[in-house]
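Q: Submitted below is the structure of interest, expressed as structure tokens.
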Amino acid sequence: MTLKIAHVISGLSPESGGPTIAVLEIARWQCLLGHSCTILTAAERKAGAPIDLFDLFHKAGGSLTEFPALGPEKIRYMPQLKDYLRRRGRDFDLYVLHGSYQYPTYTVARFCRSEKIPYIFTPHGSLDPAVRNKHRLRNRMVDFTYHDRVIGNADAWHFTSREERAACERPIWTNSFIEPLGIDVGRIPRRSRSERFRKKYGIPEEAILLTFLSRITRKKGIDILLDAFRRIVATSPNVFLALCGPVDPDMRGLVEAAQRAPDVAVRLTVTGLLLGDDKDDAFLDSDCFVLPTYSENFGIAAFEALAYGVPLLTTTGMNLHAELAKSGRAMIVEPNADALYSGMLDVVNRKWQPTATPDETRSWLERNFSWRVRAGNLIQHYSGSVRSGNAQQIRHVAASDLGR
60 MTLKIAHVIS GLSPESGGPT IAVLEIARWQ CLLGHSCTIL TAAERKAGAP
110 IDLFDLFHKA GGSLTEFPAL GPEKIRYMPQ LKDYLRRRGR DFDLYVLHGS
160 YQYPTYTVAR FCRSEKIPYI FTPHGSLDPA VRNKHRLRNR MVDFTYHDRV
210 IGNADAWHFT SREERAACER PIWTNSFIEP LGIDVGRIPR RSRSERFRKK
260 YGIPEEAILL TFLSRITRKK GIDILLDAFR RIVATSPNVF LALCGPVDPD
310 MRGLVEAAQR APDVAVRLTV TGLLLGDDKD DAFLDSDCFV LPTYSENFGI
360 AAFEALAYGV PLLTTTGMNL HAELAKSGRA MIVEPNADAL YSGMLDVVNR
410 KWQPTATPDE TRSWLERNFS WRVRAGNLIQ HYSGSVRSGN AQQIRHVAAS
460 DLGR
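In this note's numbering, the protein residues as written are 60 to 463.
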């Protein structure tokens, strides 16, 4: 069964984190598997967007339709989207809505309900308490005003782990399925340290480099990371920390305070967003990747670190931490400063060592978390929703005929 799929997301930019990468990769690999995929999104693409992924998506046969967005970024009102749906919306067998609370999600869900076209809702962790606590009152008002109807009427919800489903604060689905995301292991280089990242930021070759590469936001545990690193600096003179990624406004004060602290500043590097070769160099020059998250529904960067051959230190806040532990190159600790400090100290003092080689872990990733496998599994779930939707339409038509 060949599907025509529309993936809907409010915007595509690396600053938004994992959903941008996930949507481009899901749609690209579903095209490679023989299906037709179009991404519907806002037209404004921020500087530094992952152009290579857009190119790969187009080369795979994917289509990108962008609409001008008006108003605040959190709303992304797209007046031309309604007209597009009126003209072209019935061309698709299925819609996949990525993320919560945005205008495109509401508009497309309403269209699907009126036209009896199945749609799947993928929250990408947006309904986790750690995310919703940031704007709890606003979120509850939106829930009751319209959002619960949007997501509650979806034909299915796609969670990336059992933990994400269990933590979801709006358990109002009729059907749901669990399918983790993936990474493209083949596009991640196999090579030794480049030294380019270290030279660029003045990090000595012999230093132990701990790296964080993701959005620098509260839920990622930046507070406990900086606290633990301050304690590491006091006892270990040759350890450096690189914070790589866009800094959220509510984290700027904390990061800037660390940059002003005399004992920490000389060993702390804050790079901003890294893409392409710069991102490769940061991973390859690292001795350990640290993701001290309080809550993470998947954590693409953690899986990528393992593919680069970098050992991983993360927390039980990572929904798939039990799976990551099977890689042989991940240490898992509790998401608090004391546990993180102890884990970092074990890494620095080499009291903890990986039990698998980088090549063994890459093979493990290929078997368990490759996009080809995950995209194919998602198609099976999508097909089930389409078949179920078609059956409901047939029953609806038959009932109408009987009433004549």
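Cβ atoms here follow ideal geometry from the backbone N, Cα and C, with glycine treated the same way.
Remember, predicted model here, so these are calculated numbers, not experimental data.
#1: Expressed to the nearest angstrom, what Euclidean distance is found between the alpha-carbon atoms of Tyr-162 and Gly-121?
#2: Residues bridged to Leu-156 by DSSP?
#3: Taking a contact to mean a Cβ-Cβ separation below 9 Å, would you say Asp-344 touches Ile-262 in this structure?
#4: Is the CB-CB distance between Asp-187 and Ala-226 below 9 Å?
#5: Pull up the CB-CB distance for Ala-396 and Ile-283, whole angstroms please, since I reckon it's below 8 Å.
#6: Quick one: using the 10 Å Cβ neighbour count with 16 as the cut-off for buried, is Phe-348 buried or exposed?
#7: Kindly indicate which three-state DSSP category Leu-464 falls into: helix, strand or coil?
#8: Decide yes or no for the touch test of the stretch 127–145 against the stretch 162–177: beta carbon pairs closer than 8 Å, at least 3 of them.
#9: Within the chosen definition, does the stretch 365–373 reach the stretch 215–231 through at least 3 CB pairs nearer than 8 Å?
#10: Among Ile-179, Ile-247, Ser-72, which one has its Cα closest to the Cα of Gln-439?
#11: Can you check which of these residues, Thr-61, Leu-99, Leu-92, is closest to Thr-79 by C-alpha distance?
#12: Sort Phe-218, Gln-89, Ala-324, Ser-354 by Cα distance to Glu-393 and report the nearest one.
#13: Mark Leu-272 as exposed unless 16 or more other C-beta atoms lie within 10 angstroms of its C-beta, in which case mark it buried.
#14: Among residues of its own chain, excluding the 5 on either side of Tyr-260, which ones have a beta-carbon nearer than 6 Å to its beta-carbon?
#15: Please report how far the alpha carbon of Thr-55 lies from the alpha carbon of Thr-270, in whole angstroms.
#16: Excluding the 5 residues flanking Gly-77 on each side, which residues of the same chain have their C-beta closer than 6 Å to its C-beta?
#17: Give me the Cβ distance between Gly-387 and Glu-363, rounded to the nearest whole Å; I'm assuming they're in contact under 8 Å.
#18: Which residues mark the beginning and the end of the beta strand (DSSP E) in which Phe-428 is found?
#19: Starting from Ile-85, follow the alpha helix (DSSP H) in both directions and report where the run begins and ends.
#20: Under three-state DSSP, which class holds Thr-373?
#21: Where do the ends of the alpha helix (DSSP H) carrying His-164 lie?
#22: Where in the stretch 109–146 do unbroken runs of the beta strand (DSSP E), each at least 3 residues long, occur, reported from the N-terminal end onward?
#23: Considering Cα atoms alone, identify which of Val-314, Arg-250, Val-323 is closest to Ala-366.
#24: Tell me which same chain residues have a C-beta within less than 6 Å of the C-beta of Arg-290, skipping the five on either side of it?
#25: Who are the Cβ neighbours of Leu-437 in its own chain at under 8 Å, not counting the five residues just before and after it?
#26: Please report how far the alpha carbon of Val-209 lies from the alpha carbon of Pro-182, in whole angstroms.
#27: Report the residue from Ala-293, Leu-350, Ile-242, Glu-223 whose alpha carbon sits nearest the alpha carbon of Arg-277.
#28: Quick one: Cα of Thr-61 to Cα of Arg-257, how far?
#29: Going by other Cβ atoms of all chains shown within 10 Å of its Cβ, with 16 needed for buried, is Pro-321 buried or exposed?
#30: Decide if Ser-422 is buried, meaning its Cβ has at least 16 other Cβ atoms within 10 Å, or exposed.
#31: Just the C-alpha distance for Ser-69 and His-157, rounded to the nearest angstrom, thanks.
A: Considering the structure as presented:
#1: Your numbering for residue 162 matches position 103 in the sequence shown. Your numbering for residue 121 matches position 62 in the sequence shown. In this structure, the CA atom of Tyr-162 is about 23 Å from the CA atom of Gly-121.
#2: Your numbering for residue 156 matches position 97 in the sequence shown. In the DSSP assignment, Leu-156 forms a beta bridge with Val-67, Phe-180.
#3: Residue numbering aside, residue 344 sits at position 285 when the sequence shown is read from its first letter. Residue numbering aside, residue 262 sits at position 203 when the sequence shown is read from its first letter. Closer than 9 Å, so yes.
#4: Against the sequence shown, residue 187 aligns to sequence position 128. Against the sequence shown, residue 226 aligns to sequence position 167. Contact: yes.
#5: Taking the first residue of the sequence shown as 1, we reach residue 396 at position 337. Taking the first residue of the sequence shown as 1, we reach residue 283 at position 224. 4 Å between Cβ atoms; contact.
#6: Locating residue 348 in the sequence shown gives position 289, counting from the first residue. With 16 or more other Cβ atoms within 10 Å, it is buried.
#7: Outside the displayed range of the chain (60 to 463) lies residue 464, so it cannot be described from this structure.
#8: Contact between the stretch 127–145 and the stretch 162–177 is present, because at least three Cβ pairs lie under 8 Å.
#9: Result no; under three Cβ-Cβ pairs closer than 8 Å.
#10: Looking up residue 439 in the sequence shown gives position 380. The shortest Cα separation from Gln-439 among Ile-179, Ile-247, Ser-72 belongs to Ile-179.
#11: On the sequence shown, residue 79 is found 20 positions in, with the first residue counted as 1. Considering only alpha carbons, the answer is Leu-99.
#12: The residue you call residue 393 lines up with position 334 of the sequence shown. The shortest Cα separation from Glu-393 among Phe-218, Gln-89, Ala-324, Ser-354 belongs to Ser-354.
#13: As a working note, residue 272 is residue 213 in the sequence shown. Buried, since its Cβ has 16 or more Cβ neighbours within 10 Å.
#14: Here the question's residue 260 lines up with position 201 in the sequence shown. Result list for Tyr-260: Thr-328, in chain order.
#15: The chain is shown only over 60 to 463; residue 55 falls outside these bounds and no answer can be derived.
#16: Taking the sequence shown and counting its residues from 1, one reaches residue 77 at position 18. Excluding positions up to five away in sequence, the list reads Ile-359.
#17: Translated into positions along the sequence shown, residue 387 becomes position 328. Translated into positions along the sequence shown, residue 363 becomes position 304. The pair is not a contact, with the Cβ atoms about 16 Å apart (cut-off 8 Å).
#18: Residue 428 sits at position 369 when you count from the first residue of the sequence shown. Run containing Phe-428: none in the beta strand (DSSP E); it sits in the alpha helix (DSSP H), 417–428.
#19: Mapped onto the sequence shown, residue 85 falls at position 26. DSSP places Ile-85 in the uninterrupted alpha helix (DSSP H) bounded by 77–91.
#20: Here residue 373 is taken as the residue at index 314 of the sequence shown, counted from 1. Thr-373: strand per DSSP, three-state reduction.
#21: For the purposes of this step, residue 164 is taken as residue 105 along the sequence shown, with counting starting at 1. Note on residue identity: the sequence assigns Thr, not His, to residue 164. Thr-164 -> alpha helix (DSSP H) spans 162–174.
#22: Entirely contained in the stretch 109–146, the beta strand (DSSP E) runs reaching 3 residues are, in chain order, 122–126.
#23: Residue mapping note: residue 366 aligns to position 307 of the sequence shown, counting from 1. Checking every option, the nearest Cα to that of Ala-366 belongs to Arg-250.
#24: Mapped onto the sequence shown, residue 290 falls at position 231. Its chain contains Tyr-400 as the residues whose beta carbon lies nearer than 6 Å to that of Arg-290, once the 5 sequence neighbours on both sides are disregarded; these appear in chain order.
#25: Position 378 of the sequence shown holds residue 437. So the list reads Ile-85, Gln-89, His-217, Glu-238, once near-sequence residues are dropped.
#26: If you number the sequence shown from 1, residue 209 lands on position 150. If you number the sequence shown from 1, residue 182 lands on position 123. When rounded, the distance between both Cα atoms is 12 Å.
#27: By 1-based counting over the sequence shown, the position of residue 277 is 218. Restricting attention to Ala-293, Leu-350, Ile-242, Glu-223, the CA atom closest to the CA of Arg-277 is found in Leu-350.
#28: In the sequence shown, residue 61 corresponds to position 2, counting from 1. In the sequence shown, residue 257 corresponds to position 198, counting from 1. Between Thr-61 and Arg-257, the C-alpha separation is close to 48 Å.
#29: By one-based count along the sequence shown, residue 321 stands at place 262. Its Cβ having fewer than 16 others within 10 Å, Pro-321 is exposed.
#30: As a first step, residue 422 is located in the sequence shown; it is residue number 363 there, counting from the start. A residue is called buried when at least 16 other Cβ atoms come within 10 angstroms of its Cβ; Ser-422 does not meet this threshold and is exposed.
#31: For this step, residue 69 is matched to residue 10 along the sequence shown. For this step, residue 157 is matched to residue 98 along the sequence shown. One C-alpha to the other measures close to 8 Å.
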